[in-house]
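Residues 31 to 618 in the working numbering are what the sequence shown spells out, letter by letter. Worksheet: the structure to be examined is printed underneath.
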Amino acid sequence: MNKHKISIVCIVVFLSSLFLLLGVGYSKSYHPGFFPDEFAHMGYVIDVINNHFPDYKNGLIYSSNKLNYLNHPALYYIIVGELVTFLHLQDTFAYAGRYVNMVVSVIIIILTCKMIYLATKSTIATFVGGAFLLTIPMFVVLGSAVNNDQINILGCTLVIYGLHGLMRRVGETKIITSNIFLICLGGIVASLSKATGSLAILCLLTSVVIFNFYNVMQLIKKIPLKQLIFIILSVAVVVFYFTYAHIVYGKFYPAPQSNPAVWFFIEHPNTEKMDLSAFFQYFFRNNFLSLILPYGHVQFADSEIRVVTLKMILSMSGVMGGYVLFRKLLKKNGYFNLEFSFIAAFVLFLGLYFFTIRQLHINTGYIGATQARYFFGFLPVISLVIAKVTSLISNKIIKTLVLAVMLVGLLTSIYPALVKFSEMHIWKSKFIVEQPLYDTNYGFLTKGRTFDQIILAESKSIYGVELMLATFARKNHGYLTLELLDSSGKSIASNTVKMERLKDNAYVWFDLHHSGLIENQQYRLRLKCDECTQDNAITWWAFKQEFESSVFLLNRFGPATRNIYSRGEAYVDGAHVGGAYSFRLYFQ
């Protein structure tokens, strides 16, 4: 093995190991169900565990009595459900679903790096292109949650890799069977994972044929019988699945009930629609934010340096994409033929995606489904473009700057995934119970007021708690007190913190001194401030009690109301308000 190949292996091992570290960090940072639609995905996995196929007629959202609303094909759910059954992991099926996506992500990284090296023969370009994937936080988060996005990205990556290998050998007498096989396999995986996967594959194939028509025709003439059988069988698999779905369920993409867009329209039939310009701005803003930020139903601690660096990387990739278009269109250079085709496919996909979501908004008023993860199947294309342009840079200073920016992006991507584990109280706790959601507050915590949260003792000792507090963007002064009370109202432990040290919209640590508890008994956390006034006070973020719309009440349709913390509820000044405050409990 020569030095170049050893270097590539080291790059792949490093990036894969770093991804697994980040993936485990994100996975351990929040409990299953807090990633968007994760409970719905888990519902279909449970169906497969019980009946070997998602129940598209009567399947339920996990931990809910509401029908599932996802209309995704079955591949991911079958893989996870059958693997869980085979390995007898039913009690930890959600984490099994997460770890499957971690393995899938590593395969994506390996394929992308290998494709880049074959295209550039450059170790620096391979590192820069492969590292780009890890700088996108949602690529890592998707790879550590229960969802079908990552296997969809894998399908697209297989097709891109196969097309790249195929078109590189246009002048050769034989077509490499592995490239045809990868294209066929990728088409099956993407098509049977998400509708956006099918669309991405169609855009890729269409664009490559249009912009490389002569070469494609030459390749088609060389296809032997064995490879033709691969192609026919792969198409037959996809056609068979969707024919079966339509015959049994009456739709190509069935689901037990309608989707959030329909719910929104039922509850808000007179919503004012945005004009094209306003919708485009909204569409662009949401996609951009979900590209640069880790998102979900939890708040991740983040670094401004990471965000700024990622913006620089995305700007750099945009300039490089523009350079590819310039070389192809103005200089008629054939070096970027395939990359140009891939970029054109990406633009075509974005256009179709935009107008589909736009029409959905016009029909229902709904403004969801504007998330960058829907086009993540093209991330390997962006990696390839970055790497290939980097390999052509002859100026050492510019190439060093590109490498430096990517290294900073890679290093800072560690922060939101692992910052939580830098806190000592995490390592001193056996397990953590978390309620991270919040959408309201109950005003200033002034003298005489109390905010109470009922909790359940999950062990015989509690080390401490963290509360999500808001300072109203000001510097407050004085002491804030948290008491732990038993069911009789007796104080078991208390702790005070200086309000001068508090940050706005951040968790605040209260040490409860390893206080002894009676397991499975309820206790009360009481927050108060005897020195606080209207001009010098904080508040405790909370998630208000959810009430079903009368349209969906007492039936199995509509959204599931989230039982965010079933072991206790929130009180304000002694009065029950329901819901729960936002907190973390550290038990020993």
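A virtual CB, placed ideally from N, CA and C, is assigned to each residue, including glycine. Keep in mind that this is a model prediction, so the values were computed, not measured.
For this session: Using the Cα positions of glycine 127 and leucine 196, report the straight-line distance between them to the nearest angstrom.
Result: 33 Å
For this session: Kindly confirm or deny that the region 303-321 and the region 422-440 touch, where touching means at least three C-beta pairs closer than 8 Å.
Result: no
Exercise. In this structure, does DSSP put asparagine 182 in helix, strand or coil?
Worked result: helix
Exercise. According to the neighbour-count rule (16 or more other Cβ atoms, all chains shown, within 10 Å of its Cβ), is asparagine 209 buried or exposed?
Worked result: buried
Exercise. Do you know how far the Cα of proline 446 is from the Cα of valine 419?
Worked result: 29 Å
For this session: Inspect the CB distances between the region 158-168 and the region 402-418 and report whether three or more fall short of 8 Å.
Result: yes
Problem set entry | glutamate 549 burial status per 10 Å Cβ neighbour count (16 or more: buried) | exposed
Exercise. Who are the Cβ neighbours of phenylalanine 406 in its own chain at under 6 Å, not counting the five residues just before and after it?
Worked result: Ile183
For this session: Note the first and the last residue of the continuous beta strand (DSSP E) segment covering threonine 511.
Result: 509-515
Problem set entry | Within 8 Å, strictly: CB atoms of asparagine 177 and phenylalanine 65 | yes
Problem set entry | Cβ contact (3+ pairs, closer than 8 Å) linking the region 479-494 and the region 539-554 | yes
Exercise. Taking the alpha-carbon positions, what's the valine 527 to leucine 510 distance?
Worked result: 5 Å
Exercise. In chain order, what residues of the same chain have a beta carbon less than 7 Å from the beta carbon of valine 538, not counting five sequence neighbours either side?
Worked result: Glu496, Leu497, Leu499, Val527, Leu532
Exercise. Going by alpha carbons, who is nearest to leucine 90 out of Met72, Ala104, Tyr107?
Worked result: Met72
Problem set entry | Paired residues, beta bridge with aspartate 541 - DSSP | Gly494
Exercise. Taking the alpha-carbon positions, what's the asparagine 242 to isoleucine 154 distance?
Worked result: 29 Å
For this session: Have a look at Phe44, Ser152, Leu119, Tyr86 and flag the residue whose alpha-carbon is nearest the alpha-carbon of histidine 3.
Result: Beyond the ends of the chain as shown, which are 31 and 618, falls residue 3; an answer cannot be given.
Exercise. What are the start and end residues of the alpha helix (DSSP H) that includes tyrosine 383?
Worked result: 367-394
Exercise. How long is the line joining the alpha carbons of serine 612 and lysine 505, rounded to whole angstroms?
Worked result: 21 Å
Exercise. Is the distance from the Cβ of glutamate 297 to the Cβ of isoleucine 484 below 8 Å?
Worked result: no
Problem set entry | The alpha helix (DSSP H) enclosing lysine 58, as first and last residue numbers | 33-59
Exercise. Out of curiosity, what's the CA-to-CA distance linking glutamine 311 and phenylalanine 384?
Worked result: 11 Å
For this session: Per DSSP, which residues does tryptophan 570 bridge with? Please list them.
Result: Leu499
Problem set entry | Close-in-space but distant-in-sequence residues of the same chain around alanine 567 (CB under 6 Å, 5 per side omitted) | Phe474, Leu475, Thr476
Exercise. Is glycine 546 helix, strand or coil when you go by DSSP?
Worked result: strand
For this session: Could you tell me if serine 521 is buried or exposed, where buried requires 16 or more neighbouring beta carbons within 10 angstroms of its beta carbon?
Result: exposed
Exercise. What separation, rounded to the nearest whole angstrom, lies between the Cα atoms of proline 84 and serine 223?
Worked result: 13 Å
Exercise. Around the C-beta of lysine 87, are 16 or more other C-beta atoms found within 10 angstroms, so that it is buried, or is it exposed?
Worked result: exposed
Exercise. So, is phenylalanine 372 buried or exposed, given that buried needs 16 or more other C-beta atoms within 10 angstroms?
Worked result: buried
For this session: Could you check the C-alpha separation between isoleucine 109 and alanine 225 for me, to the nearest Å?
Result: 18 Å
For this session: Compute the beta-carbon to beta-carbon distance between isoleucine 38 and cysteine 143, rounded to the nearest angstrom, for a pair I have assumed lies under 8 Å.
Result: 7 Å
For this session: Classify cysteine 40 as buried or exposed, calling it buried when 16 or more other Cβ atoms lie within 10 Å of its own Cβ.
Result: exposed
For this session: Decide if tyrosine 92 is buried, meaning its Cβ has at least 16 other Cβ atoms within 10 Å, or exposed.
Result: buried
For this session: Starting from arginine 554, trace the alpha helix (DSSP H) both ways and give me its first and last residue.
Result: Premise fails: arginine 554 lies in the beta strand (DSSP E), 552-558, not in any alpha helix (DSSP H).
For this session: Would you kindly work out how many angstroms separate the C-alpha atoms of glutamate 68 and glutamine 287, rounded to a whole number?
Result: 17 Å
Problem set entry | Residue environment, serine 221, which counts as buried when at least 16 other CB atoms sit within 10 Å | buried
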